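Take 0 as the starting number for the sequence shown in numbering that gives the first Met the number 0 and just add one per residue. Beta carbons are placed, not taken as given, at the ideal position from N, Cα and C, and that holds for glycine. None of these values were measured; they are calculated from a predicted model. One structure is given here, and the rest of the page talks about it.
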Amino acid sequence: MKRAVLPLILSVCYIAESLFAQFFSAQNFGGKYIIVPHFLLVMLILMGMYYRKRSAIIYAFVFGMLFDAFYTGVLGIYLFFYPLAVYLTIKLMRILQSNIFTGTVVAAFNMAVVEFLVYGVNSLINSQLMGFSDFLNLRLWPTLIFNAAFFILAWYPMRNFLVRRAREEEQE
0 MKRAVLPLIL
10 SVCYIAESLF
20 AQFFSAQNFG
30 GKYIIVPHFL
40 LVMLILMGMY
50 YRKRSAIIYA
60 FVFGMLFDAF
70 YTGVLGIYLF
80 FYPLAVYLTI
90 KLMRILQSNI
100 FTGTVVAAFN
110 MAVVEFLVYG
120 VNSLINSQLM
130 GFSDFLNLRL
140 WPTLIFNAAF
150 FILAWYPMRN
160 FLVRRAREEE
170 QE
């Protein structure tokens, strides 16, 4: 049962992203900002910080492939960008202290990298996409602020869970 908890948490985050985007979209509230929830990416980044590194990258590949298969028209975008974000997290956390402030900065940086890369790929495919300044002001900043707030809320319980789970797996 203990082995199923982490995939279950990631699956709930995967589903929660689409539910949040559907029920709390800007059009429902008359707003112009686009907030993209990255609950799954936040959890994968936390795994890169506090869990077994290889497992975090494998989970990033698997859930990136699922994300591409169900939500995007191009297979391979998130398949490579999620593991890239986890890999960058692993490398950055080797040189930075692990606390909530640096974790939030690293998570925001990685989410910005993923957002920029996805915007770049989408602008190559569809030249009628929003302009770069609109992307920054209407999508990137609100997305980073929202997901940084989610990271701060999820940091303490997930850190404790992941550290405890990693210790339990080492003892098995």
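Where residue i sits in the DSSP three-state scheme
i                 : result
isoleucine 8      : helix
serine 122        : helix
glycine 72        : coil
tyrosine 32       : coil
glycine 51        : Note on residue identity: the sequence assigns arginine, not glycine, to residue 51. Of the three classes helix, strand and coil, the one that applies to arginine 51 here is coil, per DSSP.
serine 17         : helix
methionine 42     : helix
phenylalanine 131 : helix
leucine 95        : coil
phenylalanine 23  : coil
methionine 110    : helix
methionine 0      : coil
glutamate 171     : coil
Distance, residue j Cα to residue i Cα
i                 : j                 : result
histidine 37      : leucine 43        : 10 Å
phenylalanine 160 : tyrosine 77       : 26 Å
serine 97         : arginine 158      : 10 Å
arginine 2        : arginine 51       : 14 Å
tyrosine 118      : phenylalanine 134 : 8 Å
phenylalanine 150 : valine 41         : 6 Å
arginine 138      : glutamate 114     : 9 Å
asparagine 136    : glycine 30        : 13 Å
aspartate 67      : threonine 142     : 19 Å
tyrosine 32       : glutamate 167     : 43 Å
valine 11         : leucine 128       : 30 Å
isoleucine 14     : arginine 163      : 25 Å
Rounded distance between the beta-carbons of residue j and residue i, thought under 8 Å
i             : j                 : result
glycine 47    : isoleucine 8      : Contact doesn't hold; Cβ gap of about 15 Å is too wide.
isoleucine 34 : phenylalanine 145 : 5 Å
leucine 95    : valine 112        : Contact doesn't hold; Cβ gap of about 16 Å is too wide.
threonine 103 : alanine 59        : Actually they do not touch by this definition, with Cβ atoms about 19 Å apart.
Burial state of residue i (16 or more Cβ within 10 Å)
i              : result
proline 6      : exposed
proline 156    : exposed
alanine 25     : exposed
valine 85      : buried
glycine 72     : exposed
valine 105     : buried
tyrosine 81    : buried
asparagine 109 : buried
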